[in-house]
Amino acid sequence: MTSWGCDHERTAREAYFKVTASKHSSFSINDAGLFINPDTPFIGATPDGLVHCDCCGDGVLEVKCPYSKKDVPMETACADPSFYLSTSDQVNNQGKPFSWKVTQTQTMTRPKKT
Ligand SMILES: [Zn+2]
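End of the sequence shown = 115 in this note's numbering, gap-free, step of one.
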């Protein structure tokens, strides 16, 4: 993680919580730790958090604070076809290693069995 990312991750996480909690029932974000997929134990992921709400269930939080887009609104950043996000909330995996890291984290993180 870059210095810029370290400096802004907590602020981004808090802003995400504030916006999302108002739209979901009993929304929470918890720290995650290391996840290792038992089918491929040589690959792991460390998501930035695990999210949960009563209406949608469990999910993974991956916070990104791209320095290259620090001075533009999110809508402008998403209009850049080389950027890894779009306004449709879909990850743009058009050959961008950074977006594959996000996809890997989402794929590797499985809810704990209870
Ligand atoms: Zn929900």
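All C-beta atoms in this analysis are idealised placements derived from N, C-alpha and C, irrespective of residue type, glycine included.
- Considering only residues of the stretch 42 to 76, which uninterrupted beta strand (DSSP E) runs meet the minimum length of 3 residues and lie entirely inside it, listed in chain order? The stretch 42 to 76 contains these whole beta strand (DSSP E) runs: 50 to 54 and 58 to 62.
- Item | Residue of Tyr68, Glu76 and Leu62 minimising C-alpha distance to Phe18 | As a working note, residue 18 is residue 17 in the sequence shown. For the residues Tyr68, Glu76 and Leu62, the minimum Cα distance to Phe18 belongs to Leu62.
- With a Cβ-Cβ cutoff of 8 Å, do Ser23 and His53 count as a contact? Here the question's residue 23 lines up with position 22 in the sequence shown. Here the question's residue 53 lines up with position 52 in the sequence shown. Cβ distance not < 8 Å, so Ser23 and His53 don't count as in contact.
- Item | Close Cβ partners of Cys66 (< 7 Å) along its chain, the five nearest in sequence each way excluded | As a working note, residue 66 is residue 65 in the sequence shown. Here the set comprises Trp5, Gly6, His9, Glu10 and Ala13.
- Item | Nearest-angstrom Cα separation, counted from Thr3 out to Tyr68 | Indexing the sequence shown from 1 puts residue 68 at position 67. Indexing the sequence shown from 1 puts residue 3 at position 2. One C-alpha to the other measures close to 9 Å.
- Does ligand 1 have even one heavy atom less than 7 Å from the beta-carbon of Cys79? For this step, residue 79 is matched to residue 78 along the sequence shown. In this structure, Cys79 has its CB at a distance of at least 7 Å from all heavy atoms of ligand 1.
- Task: Give the single residue among Tyr85, Asp59, Lys70 and Phe84 whose Cα lies nearest to the Cα of Ser26.
- Result: The residue given as residue 26 occupies position 25 in the sequence shown. Distance from the Cα of Ser26 is smallest, within the candidate group Tyr85, Asp59, Lys70 and Phe84, for Asp59.
- Task: Note down the Cα distance separating Phe36 from Phe84, rounded to an integer number of angstroms.
- Result: Numbered from its first residue, the sequence shown carries residue 36 at position 35. Numbered from its first residue, the sequence shown carries residue 84 at position 83. Between the C-alpha atoms of Phe36 and Phe84 there is a straight-line separation of about 27 Å.
- Task: Run the CB neighbour count on Ala46, radius 10 Å, all protein chains shown included, and call it buried at 16 or more, exposed below.
- Result: Reading the sequence shown from its first residue, position 45 is the one you call residue 46. By the Cβ neighbour-count rule, Ala46 is buried, with 16 or more other Cβ atoms within 10 Å of its own.
- Task: Given a cut-off of 8 Å, decide if Ala78 and Leu51 are closer than it, judged by their beta-carbon atoms.
- Result: Working through the sequence shown from its first residue, we reach residue 51 at position 50. Working through the sequence shown from its first residue, we reach residue 78 at position 77. With a cutoff of 8 Å on beta-carbon distance, Leu51 and Ala78 are scored as not near each other.
- Do you know offhand how far Ser87's Cα is from Ala80's? As a first step, residue 87 is located in the sequence shown; it is residue number 86 there, counting from the start. As a first step, residue 80 is located in the sequence shown; it is residue number 79 there, counting from the start. Distance from the CA atom of Ser87 to the CA atom of Ala80, rounded to whole angstroms, is 7 Å.
- Message: Classify Pro48: buried if its beta carbon has 16 or more other beta carbons within 10 angstroms, exposed otherwise.
- Response: For the purposes of this step, residue 48 is taken as residue 47 along the sequence shown, with counting starting at 1. Under a 10 Å Cβ-count criterion, Pro48 is classified as buried, with 16 or more other Cβ atoms of the shown protein chains found around its own Cβ.
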